[in-house]
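Per the working numbering, the first sequence runs over residues 701 to 1058. Even for Gly, the Cβ is constructed at its ideal location relative to N, Cα and C. Before any comments, here is the structure.
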Amino acid sequence: MRDDVPASPAPERCRRLQALLVDWFDAGQRGLPWRRTSDPYRIWLSEVMLQQTQVERVIDYYERFLLQFPTIEALAAASLDDVLKLWEGLGYYSRARNLLAAARIICERHGGRFPSDSEAARALPGVGEYTSGAVLSIAYGVPLPALDANAVRVFARLFGVKGDPARGETRRRLREIARATVPDDRPGDFNQAVMELGATVCIAGRPDCLVCPVVETCAARAAGLETEIPPRRRSSTSAVTEVAAVARDGDCVLLMQRPHDSYWPGLWVFPSADFDGPNPGEAVEALLHQAGLEAEAGHTLLELSYGIMDRRVELTVLCTEVGGEPTAERWRWVALAEIEDLAMPSPHRTIAQALPGG
DNA sequence: AACCCGTGGCA
DNA sequence: TTGCCAAGGGT
């Protein structure tokens, strides 16, 4: 055996794990909307929404999305603006753009049906190793692993894999474990059982080993390392100050659409910018001048703080008198009644709801 | 490989 | 309050 090929767990141990976890899943799985369907489209949609997003946050978005787009064909015919509006508040908005692009590809090249072939699925935008394995195992019974953050934690603890899962060698070991443990029989239920265990019992903080169906087989528990595996991620946040302008012209307000190569791609925001000086009014006026507008900053409408990625933002929102038409692309005067139809990120939706008459 | 991409709940 | 975390993918 070559050194760079991780050892597989023993077949007998894999079978034991499969039986215990699937029985546990059968006995007590949560009733979730995407578990009441076998439609590959619906399972795909749920997996995309669940990327880096907890189950409880997804449920309402999932059901609203399917009311508007019940089939892949309906989704493929939609506009990006409509899809983004349904995604508003869920985060990671490139998922919505990729979902729409993939739906159009599926209609053009796959007869409107999510492909059951792994390579074809992986070729779709927004469908990576995890999502392809999850959809194919759950919707089509293909014995592929679905190694999400839950499964990484569960396998690392069960098999005593101590390294940082972000590192290549540890990741290869965990992928080999996931590949070896997924059964030919009911692979989708096994994958969901592993993830369900990680989400409800074998959680990141303090795992509830007393109710774990596989605690007898757990290497981390046997060594007293269940809270040390996997190692904590380190993170740092930076503090940032921003200004935003609420520029009114009668029943209209000035908005700008975010570019696709940064955060909040394609979403609408009040004109805003970082600033680090003592005078937020000057910063707002400079921002609007760059867009070809005359501007005079007025009073503070509200101040709010929000987090985005690793940034902690203190945002000052200024009412601003504006003259002229914006020359910059992506800037628009929008009627107050139309704002609710545009997709806005959470902090800017908060601003919109604070507008008098808005 | 390492970094970018959201949001809100929780301790 | 601050940091951690979540059914990842693209580059």
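query: Pairing CB atoms from the region 830 to 839 with CB atoms from the region 852 to 866, are three or more of them under 8 Å?; result: no
query: Count the other C-beta atoms from every protein chain shown that fall within 10 angstroms of the C-beta of R921, then say buried if there are 16 or more, exposed otherwise.; result: buried
query: Return the bridge partner residues of L954 from the DSSP annotation.; result: W1033
query: May I ask you to report which of helix, strand or coil DSSP gives A904?; result: coil
query: Just to confirm, is the Cβ distance from F765 to A778 under 8 Å?; result: no
query: Within 10 angstroms of the Cβ of R736, are there 16 or more other Cβ atoms? Answer buried if so, exposed if not.; result: exposed
query: What is the rounded straight-line gap between the Cα of V827 and the Cα of K785?; result: 21 Å
query: With distances taken Cα to Cα, identify the nearest neighbour of W744 among F725, P711, E829 and D723.; result: E829
query: Pair every Cβ in the region 1008 to 1021 with every Cβ in the region 931 to 948, then say whether three or more of these pairs are closer than 8 Å.; result: yes
query: Checking the sheet assignment: what are the DSSP bridge partners for L780?; result: Answer is none; L780 lacks a bridge partner.
query: C1019 lies in the beta strand (DSSP E); which residues open and close that run?; result: R1011 to G1023
query: V748 and R797: beta carbons closer than 8 Å?; result: no
query: Can you tell me whether D889 is buried or exposed? The criterion is at least 16 other CB atoms within 10 Å of its CB, across all chains shown.; result: buried
query: When you compare each of A986, H989, V969 and V1017 to L1042 by their alpha carbons, which one comes out closest?; result: V969
query: DSSP has A945 in a bridge; who is on the other side?; result: L1018
query: Taking contact to mean 3 or more Cβ pairs, one atom from each stretch, closer than 8 Å, check whether the region 897 to 911 and the region 973 to 991 are in contact.; result: no
query: Who are W968's beta bridge partners in DSSP?; result: Q957
query: Can you tell which of V1017, H810, Q754 and Q752 has its C-alpha closest to the C-alpha of P740?; result: H810
query: Let me know if P971 comes out buried or exposed under the rule of 16 or more other beta-carbons within 10 Å of its beta-carbon.; result: buried
query: Please name the residue in R716, A727 and L790 whose C-alpha comes closest to that of E896.; result: A727
query: So who's on the other strand from Y761, going by DSSP bridges?; result: None; Y761 has no bridge partner.
query: Going by DSSP, what residues sit across from D889 in a beta bridge?; result: In the DSSP output, where bridge partners are listed per residue, D889 has none listed.
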